[in-house]
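Participant:
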Amino acid sequence: MEQIKKNTAPHYKASLEPLFKDKEVKAFLAQFKVFLKKHIDSFSCLSFGGHRQLRKAIEYSLFSKGKYFRPLLVLATAHLIKIKAPLILPWAIAIEMIHAASLIHDDLPCMDNSDQRRGKASCHRQFGEDMALLAGDCLWIEAFHLIHIHTKKNKYKMKWLFLLCQAAGFQGLMGGQALDLRPPLKPNESYYKKMHFMKTGALIAACIEGVLAMRDKSTEKTKKLKAAGPLIGRAFQISDDLQDKSEKTSSNFSCTLGRKIAHHQLNTLSNRATQLIDFAPSSSLLKKLITFNQQRVLIEN
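Letter by letter, the sequence shown follows residues 1 to 301 of my numbering.
1. How long is the line joining the alpha carbons of residue 159 and residue 102, rounded to whole angstroms?
2. How about residue 164 and residue 98: are their beta carbons less than 8 Å apart?
3. Tell me the DSSP secondary structure of residue 280 in three-state form.
4. Hey, would you say residue 242 sits closer than 8 Å to residue 269, going by beta carbons?
5. Is the beta carbon of residue 287 sitting closer than 8 Å to the one on residue 274?
6. Determine the extent of the alpha helix (DSSP H) in which residue 104 is found, giving its start and end residues.
7. Assess contact between the region 56-76 and the region 123-141, defined as three or more Cβ pairs (one per stretch) separated by less than 8 Å. Is contact present?
8. Would the region 82-90 count as touching the region 289-296 if we require 3 or more Cβ pairs under 8 Å?
9. Taking its Cβ as the centre, do 16 or more other Cβ atoms sit within 10 Å of residue 123, making it buried, or is it exposed?
10. Run through the DSSP bridge pairs and tell me what residue 116 is partnered with.
11. Hey, residue 228 and residue 276 are a contact pair by Cβ (cut 8 Å); roughly how many whole angstroms apart?
12. Going along the chain, which residues of its own chain have a beta-carbon closer than 7 Å to the beta-carbon of residue 125, five neighbours each way excluded?
13. Taking DSSP as the reference, what is the three-state secondary structure of residue 20?
14. Does the beta-carbon of residue 77 have 16 or more other beta-carbons within 10 angstroms, so that it is buried, or is it exposed?
15. For residue 220, which option in 93, 280 and 285 has the closest C-alpha, if you only look at C-alpha atoms?
16. Is residue 239 buried or exposed, if buried means 16 or more other CB atoms sit within 10 Å of its CB?
17. By the DSSP assignment, the alpha helix (DSSP H) with residue 177 in it spans what residues?
18. For residue 303, does the count of other Cβ atoms within 10 angstroms reach 16, so buried, or fall short, so exposed?
19. If you draw a straight line from the C-alpha of residue 200 to the C-alpha of residue 233, how long is it?
20. Give me the Cα-Cα distance between residue 19 and residue 262, rounded to the nearest whole angstrom.
21. Thinking just about the alpha-carbon of each residue, which of 66, 49, 113 and 143 is nearest to the one in residue 93?
22. Go to residue 53, then tell me how far its alpha helix (DSSP H) extends in each direction, as first and last residue.
23. Taking the alpha carbon of residue 36 as the point to measure from, which residue in 24, 88, 181 and 51 has its own alpha carbon closest?
24. Roughly how many angstroms lie between the CA atoms of residue 53 and residue 109, to the nearest whole one?
Here it is, written out as structure tokens:
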């Protein structure tokens with residue numbers, strides 16, 4: 001196993017800020033936030049003290065300064081197969097709700113026990129463990145509720161609900177979190193491949209598959225996009241592991257198998273995904289997202 005130098009901090013060299021200046025991206029994120037706020041404002045029953053605290057905890061987690069990588073992945077896929085952005089807003093928001101819920105629960109003392117998230121106090125530190133648990137639970141349910149009420153007449157509604165169940169449940173995020181919490185005594189590359197896909201890759205792959213579900217026919221292009229989803233998802237988790245500043249005894253991919261191996265895997269997965277989706281000029285936004293993830297950390301060889 002490769003020895004990691006102590007006090008070696010990762011070197012960040014990529015940012016999504018340039019993408020946020022793109023007119024289409026700016027317009028989409030503006031619509032995204034308005035749509036999301038409108039849905040939360042529909043919680044008209046939240047009038048008592050406990051209700052207000054629950055709503056604040058939800059908004060605190062949803063509107064914190066995140067990368068919006070998953071909603072942008074939905075947009076990039078829609079752009080590539082020529083689906084108008086407003087049509088995929090419910091799917092993008094449902095995905096982000098599931099993601100936000102997972103982060104709230106992931107930070108709890110019984111999970112990763114993290115006091116910080118995105119540069120500020122984690123939800124349970126700000127509102128208490130009880131309210132954080134409820135906020136996460138509420139977001140899980142509201143993701144399905146949102147799809148139900150905003151896709152009543154759409155034939156892909158059941159496909160979206162199925163994909164969300166698959167990505168978030170036992171075969172996806174929750175099952176992956178269980179693998180992460182109870183790793184084997186000697187985790188190997190096969191374990192990490194499985195855990196990475198379930199914990200992170202499944203939801204990221206669903207970002208793409210949800211958009212593809214809006215097309216009736218499967219084509220060679222849509223097959224390539226579907227195949228790229230799990231690769232992007234696994235690459236995203238490896239990139240996260242490479243940024244982990246915890247001690248070298250940490251049981252993540254880069255600490256266990258070595259940073260060089262992790263970096264090689266990140267590049268391999270990212271390059272394979274790029275090759276799959278590089279079939280039209282309209283793939284530029286999707287390629288930029290893959291490159292951003294690939295270059296979030298510069299590894300010193």
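Think of the CB as a built atom: it goes at the ideal place given N, C-alpha and C, for glycine as much as any other residue.
Facilitator: A quick look at the data gives this:
1. Along the sequence shown, read from residue 1 onward, the residue named residue 159 stands at position 159. Along the sequence shown, read from residue 1 onward, the residue named residue 102 stands at position 102. Roughly 22 Å separates the two Cα atoms.
2. The residue given as residue 164 occupies position 164 in the sequence shown. The residue given as residue 98 occupies position 98 in the sequence shown. Yes, these two residues count as a Cβ contact at 8 Å.
3. If you number the sequence shown from 1, residue 280 lands on position 280. Coil, per DSSP.
4. By one-based count along the sequence shown, residue 242 stands at place 242. By one-based count along the sequence shown, residue 269 stands at place 269. In this structure, residue 269 does not lie closer than 8 Å to residue 242 by Cβ.
5. As a position in the sequence shown, residue 287 is number 287, starting the count at 1. As a position in the sequence shown, residue 274 is number 274, starting the count at 1. Yes, the pair counts as a contact, with Cβ atoms nearer than the cut-off.
6. As a working mapping, residue 104 is identified with position 104 in the sequence shown. Run containing residue 104: 89-107, per the alpha helix (DSSP H) assignment.
7. yes
8. no
9. In the sequence shown, counting from the first residue as 1, residue 123 sits at position 123. Burial call: buried.
10. Start at 1 with the first residue of the sequence shown, and residue 116 comes out as number 116. In the DSSP output, where bridge partners are listed per residue, residue 116 has 121.
11. Position 228 of the sequence shown, counted from the start, is the residue given in the question as residue 228. Position 276 of the sequence shown, counted from the start, is the residue given in the question as residue 276. Contact flag correct, Cβ pair sits at about 4 Å.
12. Here residue 125 corresponds to residue number 125 of the sequence shown, with the count starting at 1. 115.
13. For the purposes of this step, residue 20 is taken as the residue at position 20 of the sequence shown. Residue state, collapsed to three classes: helix.
14. On the sequence shown, position 77 is the one that residue 77 refers to. Buried is the call here.
15. Locating residue 220 in the sequence shown gives position 220, where the first residue counts as 1. Checked all of 93, 280 and 285; the closest Cα to residue 220 is 280.
16. Your numbering for residue 239 matches position 239 in the sequence shown. With 16 or more other Cβ atoms within 10 Å, it is buried.
17. To locate residue 177, count along the sequence shown from 1; it is residue 177. Residues 173-181.
18. Look at the range of the chain in this structure, 1 to 301, and you will see that residue 303 is not part of it.
19. As a first step, residue 200 is located in the sequence shown; it is residue number 200 there, counting from the start. As a first step, residue 233 is located in the sequence shown; it is residue number 233 there, counting from the start. One C-alpha to the other measures close to 6 Å.
20. By one-based count along the sequence shown, residue 19 stands at place 19. By one-based count along the sequence shown, residue 262 stands at place 262. C-alpha separation (whole angstroms): 26 Å.
21. Stepping through the sequence shown from its first residue, residue 93 is reached at position 93. The shortest Cα separation from residue 93 among 66, 49, 113 and 143 belongs to 143.
22. Counting from 1 along the sequence shown, the entry for residue 53 is found at position 53. Counting along the chain, the alpha helix (DSSP H) containing residue 53 begins and ends at 49-62.
23. As a working mapping, residue 36 is identified with position 36 in the sequence shown. Measuring from the Cα of residue 36, the nearest candidate turns out to be 88.
24. For the purposes of this step, residue 53 is identified with residue 53 of the sequence shown, where counting begins at 1. For the purposes of this step, residue 109 is identified with residue 109 of the sequence shown, where counting begins at 1. Cα to Cα, the separation comes out at about 20 Å.
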